[in-house]
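Those protein sequences? They're chains A and B, same order as listed.
So in the numbering used here, spot 225 of the first sequence is number 630, and the numbers just go up one at a time.
So in the numbering used here, spot 55 of the second sequence is number 67, and the numbers just go up one at a time.
Worksheet: one structure, shown below.
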Amino acid sequence: MTVSLRALLGATAFVALTGAAFAETTITVATVNNGDMIRMQGLMDDFYAKNPDIKVEWVTLEENVLRQNVTTDIATNGGQYDVLTIGTYEVPIWGKQGWLASLNDLPADYDVDDLLPAIRGGLTVDGNLMASPFYGESSMVMYRKDLMDAAGLTMPDAPTWADIETAAKAMTNKDAEQYGICLRGKAGWGENMAFLTAMSNSFGASWFDMDWKPQFDSAEWKATLDTYLGLMTNYGPPGASNNGFNENLTLFQQGKCGMWIDATVAASFVTGKDSTVADKVGFALAPDNGLGKRGNWLWAWSLAIPASSQKQDAAKAFINWATNKDYLALVASKEGWANVPPGTRTSLYSNPEYASIGFAKMTIDSINAADPNAPTVKPVPYVGVQFVAIPEFQGLGTTVGQEFSAALAGQKTADEALAAAQAAVTDEMTAAGYIK
Amino acid sequence: MARHISTQRRALNTASAWTVALILFFPILWTVLTSFKPEAQAVASPPIFLGFDWTLQNYVDVNEQRDYFRYFVNSIIIALGSTAFGLVLAVPAAWSMAFVPGRKTKDLLMWMLSTKMMPAVGVLVPIYLLFKTLGLLDTRFGMVLVLTLMNLPIIVWMLYTYFKEIPGEILEAARMDGASLRSEILYVLTPMAVPGIASTVLLNIILAWNEAFWTINLTVTDAAPLTKFIAGFSSPQGLFYAKLSAASTMAIAPILIMGWFSQKQLVRGLTFGAVK
């Protein structure tokens with residue numbers, strides 16, 4: 406009896422210990438559907454080999470759906486997600502709210518000092534790193550070298566808006582469905598307003614002055630909108646007020662755009678297998694007006710941990726793996742350097758193999774040309790290059806975007822759109838208590 | 013002469029019906045066609061109708077990226093569960109409103125319907141908090157519960173309309189023969205209302221299958237149905253229309269096939285009592 410009891414106790418202890426040794430922690434990662442994230446899901450064997458006790462469940466959603474889902478969960482302390490994919494816009498706001506866990510204690514091999522300063526600055530709140538960048542991007546000019554050659558023009562590496570207009574005019578042949586320039590026109594804070602806010606910085610405009618008074622009645626905004634509408638009306642494609650990133654990408658890939666100013670991440674698409682002009686594309690910095698600021702933005706999709714997560718250690722292990730230098734080397738070994746997530750680490754751009762890729766230098770120069778803490782010529786009270794990092798901005802940006810999109814569609818004049826934007830933003834900012 | 017006009021009119025009616033049907037069906041047809049196109053041809057301008065390079069690659073990619081079967085099983089459980097649960101609650105409610113109406117029955121019916129007019133997002137946060145407190149977030153039972161409640165007004169209304177068509181004298185006769193209330197509803201009323209109940213069931217399954225707001229907001233992984241499966245294939249940067257179309261085709265195929273085979277029941281039920 407005693408022997409049996411001992412055997413039973415021994416077996417129980419063995420099962421308990423074995424179970425403990427193989428106890429899995431399952432973390433849920435919420436992410437957007439983009440090529441880099443899909444690629445990461447295909448490389449998870451490497452993570453599981455290094456972390457056999459952690460299992461990862463993926464929730465992939467459309468960007469706006471993800472934002473709504475995650476905001477609801479995080480605001481109600483729901484605890485459904487352990488790792489979030491969030492943008493540069495959310496990090497300062499959510500970090501200040503105390504919704505995110507600090508990532509200051511990631512292991513030494515994470516090498517936080519290797520992060521690009523501009524990107525790291527946008528993800529740091531009160532000295533704490535609140536999210537780890539997975540890929541970063543700016544915006545730049547992508548242009549057709551063959552059309553420029555045919556017009557007898559050369560695109561400077563750092564063009565002005567006057568250079569852009571000259572090139573757009575020379576490359577336009579509407580009878581042949583050849584448009585000199587393609588820009589975002591679809592209304593939305595992350596659509597046309599991402600482009601136009603970044604563009605306005607190069608004209609010296611800003612959303613607000615230091616007293617949070619809206620500035621759409623300024624001469625700088627008038628010059629911005631007039632230039633944009635002039636370019637698009639004279640040299641842009643028809644129906645441009647419905648065009649966002651994907652529509653312009655399609656037009657450019659089909660050879661219908663002479664120039665396209667948009668996200669640096671587009672470089673791999675316009676030179677990829679689906680592009681009919683892959684070998685004819687050149688790159689230049691976003692234009693300026695000689696005022697010391699270029700019309701390029703700064704964005705990073707980053708991984709963060711909600712403060713409500715109960716599995717923060719496992720979540721940090723995942724973030725360290727996914728955003729470490731070793732991960733970039735892993736992608737390069739499996740898929741080639743051109744497919745490495747760009748725009749996060751200094752070491753990537755000092756790697757000669759990566760630097761030899763056509764768009765690498767222009768991408769890093771564009772990222773370095775943007776400063777989220779001093780986005781425009783004059784001092785402003787907000788953080789963000791193509792957005793204003795306040796909770797109200799999503800609504801404000803979309804409202805103003807609708808006015809400007811209507812102006813592009815010919816339903817309003819530039820003056821009417823600017824006046825409507827000024828009135829709407831003033832009302833909202835007064836109601837929100839920014840304007841006393 | 014009269015026969016000639018009649019034939020012409022019939023041909024015109026047939027042509028009109030086909031035209032309307034094709035217009036209504038075109039978005040689905042276009043989605044299915046797009047699902048077989050390479051991504052670049054899916055966004056070609058001008059659009060390519062049939063002369064594209066047919067491929068199954070999008071279906072392969074979609075299945076590699078996500079476990080379709082898991083989402084499918086959740087959709088089945090949520091759609092059938094909420095329909096069954098809804099019927100259990102709605103049949104007695106509709107019976108009482110149809111055969112023993114009170115002074116406020118009409119008001120009650122209108123109030124029930126009015127709950128459908130409220131934007132769902134208005135109660136998202138309270139329901140999310142309630143679900144969190146009750147441990148119902150990302151559970152199949154939670155989704156069955158919420159979709160039952162969301163569709164209950166429609167089920168009650170439909171059953172009420174069908175029950176009103178059944179002569180009360182038949183139920184009275186059953187009662188005089190000694191039938192209990194349960195027997196009256198189960199063995200007399202229900203068999204007579206089978207076409208109406210069948211169409212209610214079918215419509216509710218379709219509504220529950222297609223419901224996207226609650227299923228996307230209250231599920232994460234364990235209870236996520238096909239609506240959440242589709243939501244992951246839209247991309248802010250990069251071409252995605254062909255893969256999204258493949259995912260959509262896979263998501264709507266089961267309900268489309270069910271609708272096709274049960275269309276006579278559906279039409280009969282939906283027009284029940286419409287023409288007197």
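Even for Gly, the Cβ is constructed at its ideal location relative to N, Cα and C.
None of the values given here were measured: they were computed from a predicted structure.
- Judged by DSSP secondary structure, A/ARG750 falls outside any alpha helix (DSSP H); it is assigned neither H nor E.
- Shown here for A/LEU690: same chain residues with a beta carbon closer than 8 Å to its own, the five before and five after excluded, namely MET545, VAL546, ASP562, ALA563, PRO564, ARG699, ASN701, MET767, ASP770, SER771, ALA774 in chain order.
- Pairing B/GLY93 with B/ILE167 gives a Cβ-Cβ distance that is not under 8 Å.
- For A/GLY806, the enclosing alpha helix (DSSP H) stretches over residues 798-813.
- Restricting attention to A/ASP441, A/TYR633, A/GLY532, the CA atom closest to the CA of A/ALA671 is found in A/ASP441.
- In the DSSP annotation of this structure, the continuous segment of the beta strand (DSSP E) that includes A/ILE586 starts and ends at 584-587.
- For B/ILE60, the nearest beta carbon of chain A is not closer than 8 Å to its own beta carbon.
- If you draw a straight line from the Cα of A/ASN648 to the Cα of B/PHE175, it comes to about 52 Å.
- Counted as a single uninterrupted DSSP element, the alpha helix (DSSP H) harbouring A/LYS550 occupies residues 550-555.
- Along the segment 33-115 of chain B, the alpha helix (DSSP H) occurs as fully enclosed runs of 4 or more residues at 51-54, 69-77, 80-111, listed in sequence order.
- Taking 8 Å as the cut-off, the beta carbon of A/LEU505 is found no closer than this to the beta carbon of A/GLY748.
- As far as DSSP is concerned, A/LYS817 takes part in no beta bridge.
- Taking 9 Å as the upper bound on Cβ-Cβ separation, chain B lies near residues GLY649, PHE650, ASN651, GLU652, LEU654, THR655, LEU656, GLN658, GLN659, LYS661 of the segment 644-662 of chain A.
- DSSP links A/GLU462 through a beta bridge to A/THR433.
- A distance below 6 Å between beta-carbons, with the five flanking residues on each side excluded, links A/SER507 to the following residues of its chain, in chain order: ASN533.
- Neighbours of B/LEU136 across chain A, judged by C-beta separation under 7 Å: THR477.
- Counting along the chain, A/PHE657 sits inside the alpha helix (DSSP H) bounded by residues 650-658.
- Take the alpha-carbon of A/GLU625 and the one of A/ALA824: they are about 14 Å apart.
- When secondary structure is reduced to three states using DSSP, A/GLY763 falls in the coil class, being assigned neither helix nor strand.
- For A/GLU652, the number of other beta carbons within 10 angstroms of its own is at least 16, and it is reported as buried.
- Flagged as an interface residue toward chain A: B/LYS144, by a C-beta distance shorter than 8 Å.
- Looking at A/ALA814, A/ASP487, A/CYS587, A/LYS721, the one whose alpha-carbon comes closest to that of A/ASP510 is A/LYS721.
- Of the residues A/ASP693, A/LEU696, A/MET598, A/ASN725, the one whose Cα lies closest to the Cα of A/PRO538 is A/ASN725.
- Within the same chain, and ignoring the five residues on either side of A/LEU634 in sequence, the residues whose Cβ sits closer than 8 Å to its Cβ are ALA812, LEU813, ALA819.
- The beta-carbon separation of A/TYR494 and A/GLY677, rounded to 27 Å, does not stay under the 8 Å limit for a contact.
- In this structure, A/ASP458 and A/THR430 form a Cβ contact; the two beta carbons are roughly 6 Å apart against a cut-off of 8 Å.
- A contact between stretches requires three or more CB pairs, one per stretch, nearer than 8 Å, and the segment 706-723 of chain A fails this requirement with the segment 797-817 of chain A.
- Of the other Cβ atoms in all chains shown, fewer than 16 fall within 10 Å of the Cβ of B/PRO138; this residue is therefore exposed.
- By the neighbour-count criterion, in which 16 or more other beta carbons inside 10 Å mark a residue as buried, B/GLU184 falls on the exposed side.
- Chain B places a beta carbon closer than 8 Å to that of A/LEU466, counting this residue as a contact.
- With a contact defined as Cβ atoms closer than 8 Å, B/LEU230 and B/TYR140 qualify at about 7 Å.
- According to the DSSP assignment, A/THR490 belongs to the beta strand (DSSP E) that extends over 488-491.
- The segment 548-558 of chain A and the segment 600-618 of chain A do not touch, with fewer than 3 CB-CB distances between them shorter than 8 Å.
- At a cut-off of 8 Å between beta carbons, B/PHE252 contacts chain A.
- Counting only unbroken stretches of 4 or more residues, the alpha helix (DSSP H) elements lying wholly within the segment 124-197 of chain B are 136-146, 152-176, 180-188, in sequence order.
- Looking at A/GLY447, A/ASN456, A/MET449, the one whose alpha-carbon comes closest to that of A/ASP718 is A/ASN456.
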